[in-house]
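K.L.:
Residue numbers (my numbering), protein chains in the order written: chain A, 6 to 119; chain B, 319 to 432. Every residue gets a Cβ at the ideal spot worked out from N, C-alpha and C, and that includes glycine. A single structure is presented below for examination.
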């Protein structure tokens, strides 16, 4: 069935290090792909998204490219900051015969140390 | 707009008691989602509504859980009777017709069942 698999954490990086959080998906149709971020004590917020193959979503220095050939949507940032410490969720939305279906990954916790 | 509103923010109750969580979606949004987040299981979709109609409740863990959406501006998630394993953060999210596929999350209700 449709699903999202993302890299398990926790991830700990030093400030200004490069970040990659892997996300792969399984979908029978043409999903839209999302990254959500959850800061401590808060709800999830949309970080970026891509709705079709080869689209690149970007926001706050984060990027992710929708790659259909590898069914991936890896999150990347060239230089992380302490304020990026949060839990990151990969998600997909797919339109099925019963309507929109939404699937979230298990989340990857990122801690950035000064 | 105030965003998605959830109440209460924190709830502590004893096993066997009834718990009701409330959600007010963003005005004009036609999708509403209930999620549960735990350390063990991550983020789980419990149920979602479209135009006040429950579309997919396959994520509801058991008959002790029920959700209603009597109108476009209000939804409840009820647990009766509650059990310690129901302790989690419960999120409500809504999505509109703006074509962005974006879900907007509320701040969550942290439920503790003693």
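With which residues is residue 372 of chain B paired in a DSSP beta bridge?
P.N.:
If you number the second chain from 1, residue 372 of chain B lands on position 54. Residue 372 of chain B is bridged to B:367.
K.L.:
Name the residue from A:75, A:86, A:32, A:109 whose alpha carbon lies nearest to the alpha carbon of residue 51 of chain A.
P.N.:
By 1-based counting over the first chain, the position of residue 51 of chain A is 46. The option with the nearest alpha carbon to residue 51 of chain A is A:109.
K.L.:
Kindly list, in the order they appear in chain B, the residues whose Cβ is closer than 7 angstroms to that of residue 47 of chain A.
P.N.:
The residue given as residue 47 of chain A occupies position 42 in the first chain. The answer, in chain order, is 425.
K.L.:
Are the C-beta of residue 419 of chain B and some C-beta of chain A separated by less than 8 angstroms?
P.N.:
Walking along the second chain from the start, residue 419 of chain B turns up at place 101. Yes, contact with chain A.
K.L.:
Would you check if the distance between the CB atom of residue 414 of chain B and the CB atom of residue 347 of chain B is smaller than 8 angstroms?
P.N.:
In the second chain, the residue the question calls residue 414 of chain B occupies position 96. In the second chain, the residue the question calls residue 347 of chain B occupies position 29. Yes. Within cutoff.
K.L.:
Just the Cα atoms here: how many angstroms apart are residue 434 of chain B and residue 410 of chain B?
P.N.:
Residue 434 of chain B cannot be examined here, being either before or after the span of chain B that is shown, 319 to 432.
K.L.:
What does a CB cutoff of less than 7 angstroms around residue 87 of chain A pick up in its chain, not counting 5 residues either side in sequence?
P.N.:
Your numbering for residue 87 of chain A matches position 82 in the first chain. Once the five neighbours on either side are set aside, the close Cβ partners of residue 87 of chain A are 20, 117, 119.
K.L.:
Need the endpoints of the beta strand (DSSP E) that residue 85 of chain A sits in, please.
P.N.:
By one-based count along the first chain, residue 85 of chain A stands at place 80. Here residue 85 of chain A belongs to no beta strand (DSSP E), and DSSP marks it neither H nor E.
K.L.:
Does DSSP put residue 388 of chain B in a helix, in a strand, or in coil?
P.N.:
For the purposes of this step, residue 388 of chain B is identified with residue 70 of the second chain, where counting begins at 1. If DSSP states are grouped into helix, strand and coil, residue 388 of chain B belongs with the strands.
K.L.:
Output the residue ranges of the beta strand (DSSP E) runs that lie fully inside the segment 8-83 of chain A and measure 3 residues or longer, sorted by chain position.
P.N.:
Taking only runs of at least 3 residues, the beta strand (DSSP E) segments lying wholly in the segment 8-83 of chain A are 8-11, 16-19, 24-26, 28-31, 37-43, 49-55, 61-64, 67-70, 80-82.
K.L.:
When DSSP builds the beta bridges, which residues end up paired with residue 431 of chain B?
P.N.:
Counting from one through the second chain, the residue named residue 431 of chain B turns up at place 113. B:331, per the DSSP bridge assignment.
K.L.:
Could you tell me the alpha carbon to alpha carbon distance between residue 54 of chain A and residue 335 of chain B, rounded to whole angstroms?
P.N.:
Taking the first chain and counting its residues from 1, one reaches residue 54 of chain A at position 49. Taking the second chain and counting its residues from 1, one reaches residue 335 of chain B at position 17. Each residue's Cα considered, the two are about 40 angstroms apart.
K.L.:
Looking only at its own chain, which residues have a Cβ that is under 6 angstroms from the Cβ of residue 383 of chain B, when we skip the five neighbours before and after it?
P.N.:
Residue mapping note: residue 383 of chain B aligns to position 65 of the second chain, counting from 1. Excluding sequence neighbours, residue 383 of chain B sits near 397.
K.L.:
Taking CB distances under 8 angstroms as the criterion, tell me whether residue 112 of chain A reaches chain B.
P.N.:
Position 107 of the first chain, counting from 1, holds the residue named residue 112 of chain A. Yes, because at least one Cβ of chain B sits closer than 8 angstroms to the Cβ of residue 112 of chain A.
K.L.:
If you draw a straight line from the alpha carbon of residue 92 of chain A to that of residue 352 of chain B, how long is it in whole angstroms?
P.N.:
On the first chain, residue 92 of chain A is found 87 positions in, with the first residue counted as 1. On the second chain, residue 352 of chain B is found 34 positions in, with the first residue counted as 1. Roughly 19 angstroms between the two C-alpha positions.
K.L.:
Is residue 99 of chain A closer than 8 angstroms to residue 6 of chain A when the C-beta atoms are compared?
P.N.:
Locating residue 6 of chain A in the first chain gives position 1, where the first residue counts as 1. Locating residue 99 of chain A in the first chain gives position 94, where the first residue counts as 1. Taking 8 angstroms as the Cβ cut-off, residue 6 of chain A and residue 99 of chain A do not qualify as a contacting pair.
K.L.:
Taking 8 angstroms as the threshold (beta carbon to beta carbon), is residue 56 of chain A in contact with chain B?
P.N.:
By 1-based counting over the first chain, the position of residue 56 of chain A is 51. Answer yes: the Cβ-Cβ gap between residue 56 of chain A and chain B drops below 8 angstroms somewhere.
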